[in-house]
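Those sequence lines, one after another, are chains A and B. This note's numbering numbers the first residue of the first sequence as 1 and each following residue consecutively. This note's numbering numbers the first residue of the second sequence as 1 and each following residue consecutively. Just below is one structure, and these are the notes that go with it.
Protein chains: 2
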Amino acid sequence: MTNTSASSADAITPSVNHARTILAAVQALLASSLSAVKASLGGDISGDRLDRYQVVNYELAMLKAEIFAGESILDYAERCAAGELHADFELSLACCSVADGLVKARARFEKIKYATDLDDQDIAAAFSSPLARGFLRQYLDPDVVANVGREAIARGGFGQSKLAEDKEIIASSFARFSDDIVAPLAEKIHRADLTVPEEILAPLRDMGCFGLSIPERFGGTSPNSGEDHLAMVVVTQELSRASLAAAGSLITRPEIMGKAIYHGGTDEQREKWLPKIAAGEPLCGIAVTEPDAGSDVAAMRFKATPCAGGWKLNGSKTWSTFAGKSGILLVLARTSPDLSLGHKGLSLFIVEKPSTQDKEFTFNQTEGGTLTGAAIPTIGYRGMHSFTLFFDDWFVPDECLIGGEEAQGKGFYLTMKAFAGGRLQTAARADGLMRAAFEETIRYALERRVFGQALSEYQLTLAKIAQMAWSLRACHEMTYRVAKLMDDGIGQIEASLVKLFACRAAESTTREAVQIHGGMGYSEETPVSRYYVDARVLSIFEGAEETLALKVVAKELLRTAT
Amino acid sequence: MTNTSASSADAITPSVNHARTILAAVQALLASSLSAVKASLGGDISGDRLDRYQVVNYELAMLKAEIFAGESILDYAERCAAGELHADFELSLACCSVADGLVKARARFEKIKYATDLDDQDIAAAFSSPLARGFLRQYLDPDVVANVGREAIARGGFGQSKLAEDKEIIASSFARFSDDIVAPLAEKIHRADLTVPEEILAPLRDMGCFGLSIPERFGGTSPNSGEDHLAMVVVTQELSRASLAAAGSLITRPEIMGKAIYHGGTDEQREKWLPKIAAGEPLCGIAVTEPDAGSDVAAMRFKATPCAGGWKLNGSKTWSTFAGKSGILLVLARTSPDLSLGHKGLSLFIVEKPSTQDKEFTFNQTEGGTLTGAAIPTIGYRGMHSFTLFFDDWFVPDECLIGGEEAQGKGFYLTMKAFAGGRLQTAARADGLMRAAFEETIRYALERRVFGQALSEYQLTLAKIAQMAWSLRACHEMTYRVAKLMDDGIGQIEASLVKLFACRAAESTTREAVQIHGGMGYSEETPVSRYYVDARVLSIFEGAEETLALKVVAKELLRTAT
Numbered sequence: 001m002t003n004t005s006a007s008s009a010d011a012i013t014p015s016v017n018h019a020r021t022i023l024a025a026v027q028a029l030l031a032s033s034l035s036a037v038k039a040s041l042g043g044d045i046s047g048d049r050l051d052r053y054q055v056v057n058y059e060l061a062m063l064k065a066e067i068f069a070g071e072s073i074l075d076y077a078e079r080c081a082a083g084e085l086h087a088d089f090e091l092s093l094a095c096c097s098v099a100d101g102l103v104k105a106r107a108r109f110e111k112i113k114y115a116t117d118l119d120d121q122d123i124a125a126a127f128s129s130p131l132a133r134g135f136l137r138q139y140l141d142p143d144v145v146a147n148v149g150r151e152a153i154a155r156g157g158f159g160q161s162k163l164a165e166d167k168e169i170i171a172s173s174f175a176r177f178s179d180d181i182v183a184p185l186a187e188k189i190h191r192a193d194l195t196v197p198e199e200i201l202a203p204l205r206d207m208g209c210f211g212l213s214i215p216e217r218f219g220g221t222s223p224n225s226g227e228d229h230l231a232m233v234v235v236t237q238e239l240s241r242a243s244l245a246a247a248g249s250l251i252t253r254p255e256i257m258g259k260a261i262y263h264g265g266t267d268e269q270r271e272k273w274l275p276k277i278a279a280g281e282p283l284c285g286i287a288v289t290e291p292d293a294g295s296d297v298a299a300m301r302f303k304a305t306p307c308a309g310g311w312k313l314n315g316s317k318t319w320s321t322f323a324g325k326s327g328i329l330l331v332l333a334r335t336s337p338d339l340s341l342g343h344k345g346l347s348l349f350i351v352e353k354p355s356t357q358d359k360e361f362t363f364n365q366t367e368g369g370t371l372t373g374a375a376i377p378t379i380g381y382r383g384m385h386s387f388t389l390f391f392d393d394w395f396v397p398d399e400c401l402i403g404g405e406e407a408q409g410k411g412f413y414l415t416m417k418a419f420a421g422g423r424l425q426t427a428a429r430a431d432g433l434m435r436a437a438f439e440e441t442i443r444y445a446l447e448r449r450v451f452g453q454a455l456s457e458y459q460l461t462l463a464k465i466a467q468m469a470w471s472l473r474a475c476h477e478m479t480y481r482v483a484k485l486m487d488d489g490i491g492q493i494e495a496s497l498v499k500l501f502a503c504r505a506a507e508s509t510t511r512e513a514v515q516i517h518g519g520m521g522y523s524e525e526t527p528v529s530r531y532y533v534d535a536r537v538l539s540i541f542e543g544a545e546e547t548l549a550l551k552v553v554a555k556e557l558l559r560t561a562t
Numbered sequence: 001m002t003n004t005s006a007s008s009a010d011a012i013t014p015s016v017n018h019a020r021t022i023l024a025a026v027q028a029l030l031a032s033s034l035s036a037v038k039a040s041l042g043g044d045i046s047g048d049r050l051d052r053y054q055v056v057n058y059e060l061a062m063l064k065a066e067i068f069a070g071e072s073i074l075d076y077a078e079r080c081a082a083g084e085l086h087a088d089f090e091l092s093l094a095c096c097s098v099a100d101g102l103v104k105a106r107a108r109f110e111k112i113k114y115a116t117d118l119d120d121q122d123i124a125a126a127f128s129s130p131l132a133r134g135f136l137r138q139y140l141d142p143d144v145v146a147n148v149g150r151e152a153i154a155r156g157g158f159g160q161s162k163l164a165e166d167k168e169i170i171a172s173s174f175a176r177f178s179d180d181i182v183a184p185l186a187e188k189i190h191r192a193d194l195t196v197p198e199e200i201l202a203p204l205r206d207m208g209c210f211g212l213s214i215p216e217r218f219g220g221t222s223p224n225s226g227e228d229h230l231a232m233v234v235v236t237q238e239l240s241r242a243s244l245a246a247a248g249s250l251i252t253r254p255e256i257m258g259k260a261i262y263h264g265g266t267d268e269q270r271e272k273w274l275p276k277i278a279a280g281e282p283l284c285g286i287a288v289t290e291p292d293a294g295s296d297v298a299a300m301r302f303k304a305t306p307c308a309g310g311w312k313l314n315g316s317k318t319w320s321t322f323a324g325k326s327g328i329l330l331v332l333a334r335t336s337p338d339l340s341l342g343h344k345g346l347s348l349f350i351v352e353k354p355s356t357q358d359k360e361f362t363f364n365q366t367e368g369g370t371l372t373g374a375a376i377p378t379i380g381y382r383g384m385h386s387f388t389l390f391f392d393d394w395f396v397p398d399e400c401l402i403g404g405e406e407a408q409g410k411g412f413y414l415t416m417k418a419f420a421g422g423r424l425q426t427a428a429r430a431d432g433l434m435r436a437a438f439e440e441t442i443r444y445a446l447e448r449r450v451f452g453q454a455l456s457e458y459q460l461t462l463a464k465i466a467q468m469a470w471s472l473r474a475c476h477e478m479t480y481r482v483a484k485l486m487d488d489g490i491g492q493i494e495a496s497l498v499k500l501f502a503c504r505a506a507e508s509t510t511r512e513a514v515q516i517h518g519g520m521g522y523s524e525e526t527p528v529s530r531y532y533v534d535a536r537v538l539s540i541f542e543g544a545e546e547t548l549a550l551k552v553v554a555k556e557l558l559r560t561a562t
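Right under this line is the structure:
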């Protein structure tokens with residue numbers, strides 16, 4: 001580090017340190033609120049009692065996600081300051097982001113303070129201390145915020161990601177593919193509701209896209225020594241930029257299915273299936289959700305009944321994305337007839353089926369089973385199609401029960417573990433979609449003139465663009481951080497936090513992208529209209545927002561609260 | 001009034017009075033912020049200088065809209081208390097609405113307080129006084145809020161509108177039409193992007209739907225003695241419930257065109273055109289927006305050049321909704337070649353054209369002119385189609401210049417006046433859409449079971465439903481109030497305020513409606529998915545949110561600030 005960069009780091013440190021001090025006070029308010037809730041519950045955080053605090057717990061979970069975002073973007077600014085001659089933009093981006101987040105956080109506390117016994121003095125001490133006031137005065141200043149937007153436009157970006165070289169290489173090769181191959185097809189796939197074509201799938205197979213989370217020894221690209229979630233994240237971001245459903249989401253299913261087999265399968269299952277999944281032959285689908293259960297996986301009724309040489313599957317699944325084109329499905333089924341076992345009666349199967357482009361299909365087995373599927377028409381997220389499936393005595397051989405006989409009843413835990421990767425991957429999808437909206441908005445704002453000047457020169461537009469830029473940076477940094485945690489075998493809660501944050505950020509970013517485009521943003525001929533409808537799925541799938549906030553995050557925060 | 005109802009009113013008065021006292025303090029903070037901005041500008045609120053305060057002014061305009069909403073719903077609760085034995089639900093609905101609005105308002109002030117020199121003490125005095133704390137403690141209580149949701153579900157509604165009998169009759173007759181005729185067609189029109197069929201148009205003609213804002217003596221249903229905006233509002237609400245674009249929006253164009261001709265036309269023009277418009281023969285369209293001008297009407301370049309016996313029109317218009325099916329267009333054109341005249345060089349024309357169902361058309365005149373149109377594909381708001389139009393030497397006779405020779409150059413003012421009614425009507429459209437989403441959500445939440453009980457029993461769902469209910473009630477009351485103001489010839493700013501509030505409320509209501517539906521909400525087979533994409537147009541058209549907030553509302557607030 002040279003002297004100059006040290007002095008730049010010195011100059012940056014005060015603001016970042018101030019921000020950290022304020023965030024620590026906010027974290028303390030959160031901790032105190034959690035303690036109050038736990039105390040009101042007499043320490044009993046089992047389902048029914050917890051439900052009496054849903055409104056409060058939702059806010060607490062979102063606060064946790066926002067604090068995580070703030071910490072992540074501050075780390076980023078500090079790393080930039082340590083390594084660069086000039087990191088003024090990164091500093092402003094991070095501090096404006098934290099300032100904006102503080103206003104929102106305060107509103108959440110103002111909403112729940114009576115229910116969680118927070119004193120006005122404590123809130124004021126966190127948000128209106130002289131330190132906080134000085135920080136907020138500086139970074140809520142509309143001119144400072146607008147300047148972040150102006151710099152973001154000038155740089156065409158939201159700071160540098162500073163990935164390791166191998167990740168930069170992966171990112172740039174998928175970025176090129178995204179721009180050259182996917183982007184030109186994306187609008188047509190969306191508007192005509194087509195299935196992802198082989199033009200996209202074939203090169204992605206060659207590029208190893210389906211084996212990102214599978215170790216090299218099983219034909220994937222993850223190191224044998226451990227996992228590499230970051231590669232999965234950067235590829236997802238680059239592909240989702242061009243199309244959420246026809247590119248970025250192709251990774252979700254091999255991610256989940258690969259994890260389930262890798263962590264839960266027998267050696268034979270790993271050796272048989274992981275190389276195939278990594279090669280994208282067959283493509284895979286996930287059939288977990290039931291029509292009457294939604295995010296309530298433990299309530300499912302889909303049955304697997306033992307029969308000679310295997311199992312017969314009976315029941316319905318829904319929102320099974322890519323179930324037509326896929327050749328194998330990961331199916332969660334109740335293997336114990338004892339319903340009172342709840343989620344302890346569930347097991348996971350690898351189910352083979354023919355691949356089809358059709359939106360409706362019926363397959364008959366020689367064993368007598370039938371599998372019927374029908375795609376659900378959706379407002380966005382088009383390209384893979386999400387199916388409702390009906391299994392009627394569909395036979396699967398014994399070898400398809402993941403983990404074999406002794407893994408019976410462990411399907412739910414394995415699913416949850418595999419889904420954590422899916423949540424991180426979904427956050428990366430949200431991030432890629434936001435980036436597309438951000439870049440398209442900059443392009444339009446520079447070009448479009450209204451009331452005598454370019455849209456990009458108006459303070460309100462600049463402030464919106466600044467907000468997009470720092471949301472993106474926060475999402476980037478959070479996904480990178482969670483990827484690292486998950487490589488270390490932890491980070492399950494953080495995967496939910498980044499999903500909560502990124503999906504909402506993608507909704508508001510695409511909303512503003514449409515707004516800045518005005519009428520053109522509402523036209524199907526402009527890509528932001530697609531980003532808008534695509535973004536709406538994010539808070540619904542891969543763990544609905546409410547389920548993640550209440551059943552995963554708040555529950556865990558309360559469990560560890562003192 | 002009986003003793004019992006008097007005692008109920010007495011019991012209600014304290015909370016409502018407290019809410020009013022707190023709102024008055026918020027209004028004072030707003031006034032003080034406006035004064036600070038005006039002082040910083042040295043009193044000069046002309047365009048360029050004002051633009052330096054866009055971020056702040058946007059918040060101030062939205063605050064004004066939210067205060068207006070709060071006052072309106074409190075008036076409602078008070079009227080209910082005065083007239084009814086039990087108005088507990090209405091009281092809670094109104095007070096919870098105000099409490100929720102206060103949290104949001106405080107966040108807006110926290111965001112702008114440094115830029116507008118607000119003291120923390122003043123903010124605390126407004127929002128954390130003992131009175132405010134008592135009120136907020138009561139009405140932010142999640143159980144109280146959830147109970148509002150529970151009551152809304154039990155009543156299947158959001159309070160009673162208490163309209164005069166003639167309006168109730170109109171509302172119920174259009175409600176029946178909406179349910180019986182429009183609702184069964186709405187999904188198909190949306191998904192197949194059809195044009196509103198005669199099945200809907202013909203009976204609406206008979207019901208007088210196109211003459212709601214036209215006086216009886218010209219064939220409409222407004223009283224000769226004055227205007228009747230309330231009828232227009234209630235009909236719009238009922239029709240928009242079934243379909244925004246295939247029903248509720250049919251009223252927007254005759255509303256605007258009728259107003260322009262009634263207020264600006266010559267006697268001959270009124271007598272010739274108003275009866276036709278009222279009869280819905282021909283249907284009308286509005287061609288004001290230009291591709292390069294958007295909400296910046298004064299910057300338009302579309303030309304009308306004098307020629308023998310009339311004018312030749314040249315240029316492009318865009319987002320001209322219903323321009324295919326309509327037989328007359330209201331066209332704003334530059335009649336003076338002197339561009340420096342800005343909006344003072346514009347005039348309004350009634351332009352006849354053939355009606356067509358086609359999404360693309362070219363019409364040739366015997367005089368040699370050509371009019372070409374192409375529908376813009378949109379993500380929602382389908383049924384009328386919004387066209388881009390190209391006029392090439394399109395001839396209009398002299399008699400089609402609204403107001404005749406002497407009205408040349410007055411087109412902009414007349415357009416703005418006519419558009420105020422369009423804004424109120426748009427707020428009513430937003431309201432109808434919200435109501436549809438609200439009712440569908442209640443239906444679904446009662447039926448859908450998750451984690452062992454109906455969705456409608458969860459606190460977080462109930463809180464969301466409560467929020468929908470009070471947003472709807474606030475919109476209803478605001479539209480009624482603005483209708484009355486406009487009958488009295490005032491209310492132009494209030495029309496913008498209700499549009500700002502209602503369009504955002506419709507966005508968030510439909511967002512939550514989709515969320516509560518989970519995956520089903522994202523399916524095109526469920527109506528809430530349509531409500532969601534339809535709602536997104538509201539903040540864009542009939543005056544984009546930013547334009548209304550900054551150029552109409554904030555400007556006027558600053559003009560009158562002391």
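Using N, Cα and C, we set each Cβ at its ideal position, and we do this for glycine too. As the structure is a prediction and not an experimental result, all values here were calculated from the model.
Just to make sure I have the definition right: I need the residues of chain B whose C-beta is within less than 7 Å of the C-beta of residue i. Which are they?
{"i": "A/Lys111", "result": "Val103 and Leu140"}
{"i": "A/Val288", "result": "Residues of chain B passing the Cβ test: none, with the nearest at roughly 12 Å."}
Can you name, in chain order, every residue of its own chain whose Cβ lies under 8 Å from the Cβ of residue i, other than the five neighbours on each side?
{"i": "A/Asp338", "result": "Gly345"}
{"i": "B/Leu22", "result": "It is worth fixing the name first, because residue 22 of chain B is Ile in this sequence and not Leu. Closer than 8 Å at the Cβ level, and outside the excluded window around B/Ile22, lie Val98, Leu102, Ala126, Phe127, Ser129, Leu131, Ala132 and Phe135."}
Please work out which residues of its chain come closer than 6 Å, Cβ to Cβ, to residue i, disregarding the five sequence neighbours upstream and downstream, and give them in chain order.
{"i": "A/Glu227", "result": "Asp487"}
{"i": "A/Ala6", "result": "Residue placement at A/Ala6 cannot be trusted, given a pLDDT of 43 that sits under 50; the coordinates are not used to answer."}
Using the beta-carbon count (16 or more within 10 Å), is residue i buried or exposed?
{"i": "A/Ala202", "result": "exposed"}
{"i": "B/Asn224", "result": "exposed"}
{"i": "B/Asp398", "result": "exposed"}
{"i": "B/Ala247", "result": "buried"}
{"i": "A/Asn147", "result": "buried"}
For residue i, return the contacting residues in chain B, with the cut-off set at a CB-CB distance below 8 Å.
{"i": "A/Gln515", "result": "Ser539, Ile540, Ala544, Glu545 and Glu546"}
{"i": "A/Leu460", "result": "Gln54, Val55, Tyr58, Glu546 and Leu550"}
{"i": "A/Asp44", "result": "Within 8 Å Cβ-Cβ: nothing; A/Asp44 doesn't reach chain B, min ~17 Å."}
What does residue i touch in chain A if you count any residue whose Cβ is under 9 Å from its own?
{"i": "B/Ala299", "result": "Arg449, Val450, Phe451 and Gly452"}
Who are the neighbours of residue i on chain A, taking C-beta pairs under 7 Å?
{"i": "B/Val533", "result": "Ile379 and Val533"}
(request) Using a Cβ-Cβ cut-off of less than 7 Å, give me the residues of the region 188-216 of chain B that come near chain A, in sequence order. (result) none
(message) What are the residues in the region 314-333 of chain B lying within 9 Å of chain A by C-beta distance?
(response) Against chain A - using a Cβ distance shorter than 9 Å - the residues of the region 314-333 of chain B are Thr318 and Trp319.
(request) With 7 Å as the limit, tell me which residues of the region 116-140 of chain B have their beta carbon closer than that to any beta carbon of chain A; keep them in chain order. (result) Asp120, Ser128, Leu136, Arg137 and Leu140
(message) Which complete alpha helix (DSSP H) runs does the region 41-80 of chain A hold, if anything under 4 residues is left out?
(response) 47-50
(request) Below 8 Å between beta carbons is the criterion; list the residues of the region 501-529 of chain B that meet it against any residue of chain A, in chain order. (result) Glu507, Arg511, Val514, Gln515, Gly518, Gly519, Gly521, Tyr522, Ser523, Glu524, Glu525 and Ser529
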